[in-house]
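All the letters of the sequence shown, read from the start, carry residue numbers 12 to 127 under our numbering. Glycine included, each C-beta is placed from N, C-alpha and C at the ideal position.
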Amino acid sequence: HNVFCFQATEIGANDSAFNTATDFAKRAGPLIGSVLAISAAGWGLVTHFDGKIEKLEVKLEKKIEQLGGKIDKLADCFAAYAERMSDRVGNIEGRIQIPFDKNAPAFNQPPTKPRP
């Protein structure tokens, strides 16, 4: 009698396990669907932010290029200024040399030796 009861409950248990499994599958279907939807939304957000970050990077690159251009212009200005100053120094050297060196260049001529 006990054995029979046990077998019956075992069969019942297996049956309910099967029912639970199918029930779970029914419930899990939409759940898995919504998990996929959430992960898709997540990817959407990630790509959205990626896009925004890329746009920001492009803006930054443009700003850096603009700055680079300005810095280059400044450097050119300084180089030109340095050249002018060295020419003036050369002129002054020329003027200083005149009393001592008869072969020195005339007053406003640039120095004959190229300046470094």
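Through-space distance from residue j to residue i, alpha-carbon basis
i: residue 83; j: residue 60; result: 34 Å
i: residue 38; j: residue 46; result: 13 Å
i: residue 94; j: residue 65; result: 42 Å
i: residue 73; j: residue 91; result: 27 Å
i: residue 57; j: residue 69; result: 18 Å
i: residue 53; j: residue 77; result: 36 Å
i: residue 96; j: residue 103; result: 10 Å
i: residue 62; j: residue 41; result: 31 Å
i: residue 79; j: residue 48; result: 45 Å
Beta-carbon contacts of residue i that lie in its chain and below 8 Å, excluding the five residues immediately before and after
i: residue 43; result: none
i: residue 71; result: none
Own chain residues within Cβ distance below 7 Å of residue i, not counting five before or after
i: residue 88; result: none
i: residue 67; result: none
Spatial neighbours of residue i in its chain, beta-carbon cut-off 6 Å, leaving aside the 5 residues before and after
i: residue 34; result: none
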